[in-house]
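Notes for the one structure printed next.
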Amino acid sequence: MFLQNAWYVAAWNREVGRAPLARTILGESVVLYRKHDGTAVALEDRCCHRQLPLSMGVVIDDDLRCGYHGLRYAADGACIDVPGQSSIPAELRVRSFPVLERWNWIWIWMGDPVRADPGLIPNWWWCDHPQWRCSQPDMIHVKCHYQLIADNVLDGTHLAYVHSTTIGADSIAAAPPKTERKDHLVRVTRWIADRPPPPLYQLAGNFTGNVDRWANVEHAPPCYSVNFAGCVEAGKSNGKRVELVALSAPTPETLSTTHYFFAFSRAFAHDDPVVEDIFTRRFVDVFREDVAVLEAQQRMMTLKPGARQVNIAVDVASLAARRLLEGMIAAEQQRRDVPPTA
Amino acid sequence: MFLQNAWYVAAWNREVGRAPLARTILGESVVLYRKHDGTAVALEDRCCHRQLPLSMGVVIDDDLRCGYHGLRYAADGACIDVPGQSSIPAELRVRSFPVLERWNWIWIWMGDPVRADPGLIPNWWWCDHPQWRCSQPDMIHVKCHYQLIADNVLDGTHLAYVHSTTIGADSIAAAPPKTERKDHLVRVTRWIADRPPPPLYQLAGNFTGNVDRWANVEHAPPCYSVNFAGCVEAGKSNGKRVELVALSAPTPETLSTTHYFFAFSRAFAHDDPVVEDIFTRRFVDVFREDVAVLEAQQRMMTLKPGARQVNIAVDVASLAARRLLEGMIAAEQQRRDVPPTA
Amino acid sequence: MFLQNAWYVAAWNREVGRAPLARTILGESVVLYRKHDGTAVALEDRCCHRQLPLSMGVVIDDDLRCGYHGLRYAADGACIDVPGQSSIPAELRVRSFPVLERWNWIWIWMGDPVRADPGLIPNWWWCDHPQWRCSQPDMIHVKCHYQLIADNVLDGTHLAYVHSTTIGADSIAAAPPKTERKDHLVRVTRWIADRPPPPLYQLAGNFTGNVDRWANVEHAPPCYSVNFAGCVEAGKSNGKRVELVALSAPTPETLSTTHYFFAFSRAFAHDDPVVEDIFTRRFVDVFREDVAVLEAQQRMMTLKPGARQVNIAVDVASLAARRLLEGMIAAEQQRRDVPPTA
Chain A
1 MFLQNAWYVA AWNREVGRAP LARTILGESV VLYRKHDGTA VALEDRCCHR QLPLSMGVVI
61 DDDLRCGYHG LRYAADGACI DVPGQSSIPA ELRVRSFPVL ERWNWIWIWM GDPVRADPGL
121 IPNWWWCDHP QWRCSQPDMI HVKCHYQLIA DNVLDGTHLA YVHSTTIGAD SIAAAPPKTE
181 RKDHLVRVTR WIADRPPPPL YQLAGNFTGN VDRWANVEHA PPCYSVNFAG CVEAGKSNGK
241 RVELVALSAP TPETLSTTHY FFAFSRAFAH DDPVVEDIFT RRFVDVFRED VAVLEAQQRM
301 MTLKPGARQV NIAVDVASLA ARRLLEGMIA AEQQRRDVPP TA
Chain B
343 MFLQNAWYVA AWNREVGRAP LARTILGESV VLYRKHDGTA VALEDRCCHR QLPLSMGVVI
403 DDDLRCGYHG LRYAADGACI DVPGQSSIPA ELRVRSFPVL ERWNWIWIWM GDPVRADPGL
463 IPNWWWCDHP QWRCSQPDMI HVKCHYQLIA DNVLDGTHLA YVHSTTIGAD SIAAAPPKTE
523 RKDHLVRVTR WIADRPPPPL YQLAGNFTGN VDRWANVEHA PPCYSVNFAG CVEAGKSNGK
583 RVELVALSAP TPETLSTTHY FFAFSRAFAH DDPVVEDIFT RRFVDVFRED VAVLEAQQRM
643 MTLKPGARQV NIAVDVASLA ARRLLEGMIA AEQQRRDVPP TA
Chain C
685 MFLQNAWYVA AWNREVGRAP LARTILGESV VLYRKHDGTA VALEDRCCHR QLPLSMGVVI
745 DDDLRCGYHG LRYAADGACI DVPGQSSIPA ELRVRSFPVL ERWNWIWIWM GDPVRADPGL
805 IPNWWWCDHP QWRCSQPDMI HVKCHYQLIA DNVLDGTHLA YVHSTTIGAD SIAAAPPKTE
865 RKDHLVRVTR WIADRPPPPL YQLAGNFTGN VDRWANVEHA PPCYSVNFAG CVEAGKSNGK
925 RVELVALSAP TPETLSTTHY FFAFSRAFAH DDPVVEDIFT RRFVDVFRED VAVLEAQQRM
985 MTLKPGARQV NIAVDVASLA ARRLLEGMIA AEQQRRDVPP TA
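Protein chains in written order, with this note's numbering: chain A, 1 to 342; chain B, 343 to 684; chain C, 685 to 1026.
See below:
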């Protein structure tokens, strides 16, 4: 089950142009394109006549024409031309989804369009603020349930095992995090004082001794996580520092596959090529280490759907996030203000 | 559900020889081979002993010997030798299917053998008449329900969108077809007067001006379509012309895959290498444009089996064809003269 | 359904070391590794915390540490360390399976550990006796139900059809086997007097005339077969001979896939490179001829699960073996001393 009334990242803004882009979101086939004035449009990617994906068609002016029999759809989903036929019945239409462009992403609302409040898009101002340099790696398609990604982001201990050669350090497990839940937010904070920096931080910061390190995550359902991370010379709050914000917005494709959108913004060394390489390439490699784990988890879950799971101390945050989301989905289903979901 | 009591194209005659050929037809595993005198034989492709496909065996004289334990089957499906055993119980036999060779194809009857009337094979005399030159391209395996192919053949408007660079023209949608249904036949006729020829017709006919074009399809269930197509210099009924008959006999492999058999016969320019290339190669490319559409439709239908479909004017003929076929299948099932089908 | 209380070959001993090895056995995910002292360990390959395969982790001392959150499991399956947590609840554990190393294989017991009697491992002493030279080819993964392999081994007639160019001969089908069933054993014996040797025997034995040949199989459920095979100069019981024991222990991976373990031991020509090549390479090719048949059978069975099968005379032994195994599985299920199986 998905939360329908929420904004999800549908695509990087650079992915959508005049050529139609097919993407499955919450199990629904969606096609994205841009109108002449650049406005993004999202329609159901299935001609209501004979089901051809509209993404196999062509954009003409502000409309999308089906590649089979030429039915032409306006940006609101209404069919406005049927070759060989003068009158067009009202039922000839496809769903049109609210979309908004913000923080370099195109956001889509799969639920009830009247509830599509732009104010519900998270305020990720680090993505296009001049004092921050934002790396925008390509989305990674991950064969796992999207909630496994939230679990991963909310848990810091895995850095010591999954990312031991990049951003991990033995010191992490020894510094237990503090977890808070407030309203629709789960916050995990971790402070590691006076320890050696992990390999990628060392490379980025060129430290000569120990550092004080922080790793604070704020997660809001259904799938928005902000990871405030960095370190500073031990004991010198104004010392040399590595400081970044990692943004994560995994969008469910199906119940077992996810479009993993993420970005890294940093407040230092904008023009340092070594640091640029870390943020555009090596951090992506770190994410790929997670992907190997996430997909293996999903394979095991698919193999034995009811397998026993035991919780441990580090799960406090991810369990809180799951409960938040489950509550929101249950409330939405009860209100019946969304179509039944997969 | 399939219509069992009907002839289907099982193979091009050139495909079947002394080496067994495996092919699934209406969901049944079939093996084809030729006897010493050249007669084609079709048997169930599953040894009744331990299920090995008989197509993994060898043809010996007029029989087929299983490649596992050597059981030997005669052309009528009876097992006539069991190595290491003197008596052969009557239940040791596989199904044998009536086959007939006509119009360069081997036709098979999957239903009740006593109903296998050779007169029910369509009269496609253009295939081996000396005044017609018949191109016989290899069968295309298409991952779609066979009825989607009938829909495609019966609809002319898609030429303007799917085949715009080959046989399509904007003029098609503007010239609505006439659809007739009589007995077990659906006929669609379309006449486009005094318009430029489409690219492949121009290449074949070297016209210097507009043409009058016709595109008439006769479809008989379960899957036989004849497309009478061509054009002539505008207003000159005896002028230079391109004239062809496209024959289509898609055979269901399963409910979502099809062996698409087709041929093109022409009554002009038998020895022109440019025209020969159009008929043997470029028309096949046109069919491959259809295949891309057909397989995408099937993917969408598989993804969401009950998805809404709205009919439009151009569907008159294909809906009539579907009703005809449904009626025949229902009648056959009610008579219970066929085994239950997939 | 599988027989749980039985020893199965999990791996060649050379396959298991300090790096974890993942292998699915009877549908269960298992990980194998060796402790410091070389003892083999088999654990459930699924962390009980968040289901990551433990085979993605690392062996530390005698334990296995999960690659996600660092949970450390001892060889008995108990979790003995949870990073960031001081107390460890008893429910944090995975299954540990009894394993034993014998005849160059690692044997595993998937059922009730208290019933894991080492005396139940078959006595295949030819595998490491100095007077026998044992070839130990890599396991072959076969996409078929394991019982199809027992059928294959217990039946000699197929040699004439599947292996006609290697170990088959027309004389086989003409010499009917004798089948005996005693307690938990099915024995098939076949004696072929005074006939030409099959190609591989001729190559190994360089015979100048006919041979007397024997092919005797002893099969014990769930899946142990010993094939005593060979030939000697016709009429000379002390003459030149080819003598071998082929051991077969196919281990079910799932209900439709099998890890096919086998070995060949011979009592002649230990140091002859031609014979060595036959036993290490060409006999494996013979097994691959079987694999092609076995996988085709399985494909056909999967395609039409209830398809009719007729038994013939050569099935006496394999039917007896199937009845033996079915009886053992039924008894085990009735005793309820095993967990419900797939």
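Beta carbons: idealized from backbone N, C-alpha and C, even for Gly. This structure is a prediction, so every number in the text was calculated from the model and none was measured.
Exposed or buried, what is residue i when buried is set at 16 or more other beta-carbons lying within 10 Å of its beta-carbon?
i          : result
A:Thr-258  : buried
A:Trp-191  : exposed
A:Trp-125  : exposed
A:Leu-325  : buried
C:Asp-801  : exposed
B:Ser-429  : exposed
A:Cys-315  : Note that residue 315 of chain A corresponds to Asp in the displayed sequence, not to Cys. The residue is buried, with at least 16 neighbouring Cβ atoms inside 10 Å.
A:Asn-332  : The question names Asn, but residue 332 of chain A is Glu in the sequence shown. Classification for A:Glu-332: buried.
A:Ile-60   : exposed
C:Arg-702  : exposed
B:Ser-590  : buried
A:His-129  : exposed
B:Gln-676  : exposed
C:Arg-1020 : exposed
A:Ser-237  : exposed
A:His-69   : buried
A:Thr-39   : exposed
Less than 8 Å between the CB atoms is what I'm expecting for residue i and residue j, so what's the real figure, rounded?
i         : j         : result
C:Ala-904 : C:Leu-869 : 5 Å
B:Leu-636 : B:Cys-486 : 4 Å
B:Met-398 : C:Ala-844 : The pair is not a contact, with the Cβ atoms about 15 Å apart (cut-off 8 Å).
B:Tyr-375 : B:Ile-450 : 13 Å between Cβ atoms; not a contact.
Suppose you measure from the CA of residue i to the CA of residue j; what does that come to, to the nearest Å?
i          : j         : result
C:Pro-860  : C:Ala-899 : 11 Å
B:Leu-434  : B:Val-424 : 9 Å
C:Asp-796  : A:Thr-208 : 58 Å
B:Phe-625  : B:Asn-355 : 21 Å
A:Gly-77   : A:Gly-67  : 16 Å
C:Met-1012 : C:Asn-689 : 9 Å
A:Ala-342  : C:Tyr-830 : Low confidence applies to A:Ala-342: its pLDDT is 40, below 50, so where it sits in the model is not reliable, and the reading given next is rough at best. Near 37 Å, if we compare the C-alpha coordinates of C:Tyr-830 and A:Ala-342.
A:Ile-149  : A:Val-188 : 15 Å
B:Cys-476  : B:Arg-623 : 13 Å
A:Ala-269  : A:Val-275 : 7 Å
C:Ala-695  : A:Val-94  : 56 Å
A:Pro-89   : B:Val-652 : 9 Å
A:Glu-386  : A:Ala-174 : Nothing can be reported for residue 386 of chain A, as the shown portion of chain A is limited to 1 through 342.
C:Gln-990  : B:Val-383 : A quick correction: the sequence has Gly, not Gln, at residue 990 of chain C. Going by the C-alpha atoms only, they are around 26 Å apart.
A:Thr-251  : A:Ser-318 : 17 Å
A:Arg-288  : B:Phe-604 : 48 Å
B:Arg-583  : B:Asp-497 : 23 Å
B:Ile-482  : B:Thr-507 : 21 Å
A:Val-286  : B:Pro-479 : 52 Å
A:Ile-80   : B:Trp-447 : 45 Å
A:Trp-132  : A:Tyr-201 : 18 Å
Name the DSSP bridge partner or partners of residue i?
i         : result
C:Ser-932 : C:Ser-909, C:Phe-946
B:Cys-476 : B:Ser-607
B:Thr-366 : B:Ser-371
B:Asp-554 : B:Val-574
B:Tyr-350 : B:Ile-450
Answer with yes or no whether the minimum CB distance from residue i to chain E is below 8 Å.
i         : result
C:Thr-841 : No chain E appears in the structure shown, which is made up of the protein chains A, B and C.
Problem set entry | Inside the region 60–131 of chain A only - alpha helix (DSSP H) runs reaching at least 4 residues | Within the region 60–131 of chain A, no complete alpha helix (DSSP H) run reaches 4 residues.
Problem set entry | Contiguous beta strand (DSSP E) assignments of at least 3 residues, all confined to the region 941–1020 of chain C | Taking only runs of at least 3 residues, the beta strand (DSSP E) segments lying wholly in the region 941–1020 of chain C are 942–950.
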